[in-house]
Amino acid sequence: MKPARAFRPEFHRRGFAQIVIIAVIALVIGAGAMYGYQKLTTKPSPSPQPSVTSQSPSPDETVYTEDTRSANWKTYENTNQEIRYSIKYLSNAKLEISPGSITIFVEAPVREGTGGQIGALPQGITVYERNRGASSLESQSRPTEKIMVGNYEAIRWTDNHQYGEDIWIENPSGKNSVRISINTKYLKEPYDSEYFDLYNQILSTFRFLD
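Every letter in the sequence shown is one number past the one before it in UniProt numbering, and letter 104, counting from 1, is 104.
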C-alpha cells in the first residue's frame, strides 16, 4: 500500500492564478473585438453646419423715387387739343374732363373738429389750357416767384390764400402755357400743409408732349 501524497497548497494557488489571468485576457480581447465592431458599423454623425439667415430690408431701408411712387398711377394725355400734355394721377382719384381743362379730384377725409365733424370741399388739381406764355404774368400786380416744376420753369403766385396755389407752367416753345390751380379747402379750418406733398408729386409728373 502506497503512502498518501502530501497536500501542497502552492500548486493550488498557482493553478487558480493562471485561470484568473486567462479569464482577464479573454475579457480584454472580447471588449476590444466588440469596440472594433461598433466602430465599423456606426456611421459618424455629420458636423453641425452654421445656419445662414437672410434679412429683408425694413421699410425704413427701402429706397423710393418719384418713379416708383407713381408707378401704379394712371396717365392722362391731352392729345386732341392745341396744347398737348400728360399728367399722372392716383388710380382711385376722379378725373373730370371739360373743354379747355381737366380736374383731378382727390377727396379729403372727414376730420374731427371742435364742433363735431368738419366736412371738406372737393379738392384736387385743375389744369387750364392757355394760349399765351406765362411770362406775361410778370407784368401783373400780383406778386410772383419763379419755381421749377419737374424740368419746366414755372411761375407761382405768392399771395394765394392758405387753401391752395396757382401755378403757371410755360411750354418751352413759348407759344402757350398751362395754369394749374390746387384747391385744398376745408369748410371751417385751413388745409394741412402736409397734403401739398401729394400735389407736388402729381405736379412733378406733368409733361408737355410737343
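Every residue gets a Cβ at the ideal spot worked out from N, C-alpha and C, and that includes glycine. The structure presented is a predicted model; accordingly, all values stated were derived computationally and were not measured.
By the 16-neighbour rule on beta-carbons within 10 angstroms, residue 123 is buried. Following the DSSP letters along the chain, one finds residue 204 inside the alpha helix (DSSP H) bounded by residues 196-204. At least 8 Å separates the beta-carbon of residue 96 from that of residue 87. Under the 8 Å Cβ criterion, the region 148-156 counts as touching the region 167-175, having at least three qualifying pairs. Close CB contacts of residue 72 within its chain, under the 7 Å cut and outside five residues either way in sequence, are with 91 (chain order). The residue among 131, 181, 22 with its C-alpha nearest the C-alpha of residue 175 is 131. Secondary structure at residue 27: helix, using DSSP grouped into helix, strand and coil.
DSSP places residue 144 inside the beta strand (DSSP E), whose first and last residues are 144-149. For residue 166, the beta-bridge partners assigned by DSSP are 181. The criterion of a C-beta distance shorter than 8 Å is satisfied by residue 104 and residue 93. Taking a C-beta distance under 8 Å as the contact criterion, residue 126 and residue 209 do not qualify as a contact pair.
When secondary structure is reduced to three states using DSSP, residue 83 falls in the coil class, being assigned neither helix nor strand.
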